[in-house]
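Numbering (our numbering), first residue to last: 42 to 141.
This is how it looks when you write it as structure tokens:
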């Protein structure tokens with residue numbers, strides 16, 4: 042048989058205890074709200090948009106897909122690219138050209 046636990050609180054009324062708990066919870070929620078940064082949803086680009094950004098032809102883009110330079114994502118019959126990955130590829134391409 043389980044025994045119930047009883048906690049006794051002295052020197053405070055039930056309403057004061059309730060207010061203290063509410064204030065502490067509100068303070069913690071404010072700290073969480075200040076530090077909260079929502080995750081941005083991934084932005085997907087079309088082949089044409091990516092080709093324009095990278096200033097390459099669609100044939101070059103297809104070649105880079107096959108070589109693994111840029112990773113395409115299939116959404117049904119559509120091919121899309123993540124904006125973040127395109128930005129990283131653009132930086133990598135720029136850095137490789139500057140090293141030569």
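Cβ coordinates follow ideal geometry from the N, Cα and C atoms, glycine included.
In chain order, 121, 122, 124 and 127 place their CB closer than 7 Å to the CB of residue 86, counting only its own chain and leaving out the 5 sequence neighbours on each side. By the Cβ criterion, the segment 78 to 92 is in contact with the segment 110 to 120, since at least three pairs of Cβ atoms, one from each stretch, lie closer than 8 Å. Rounded to whole angstroms, the separation of the alpha carbons of residue 75 and residue 138 is 42 Å. For residue 80, there is no enclosing alpha helix (DSSP H), since its DSSP letter is neither H nor E. Each residue's CA atom was taken as its position, placing residue 105 and residue 80 some 29 Å apart.
Taken atom to atom, the span from the alpha-carbon of residue 69 to that of residue 60 is near 14 Å. Counting the other Cβ atoms within 10 Å of the Cβ of residue 73 gives fewer than 16, which makes it exposed.
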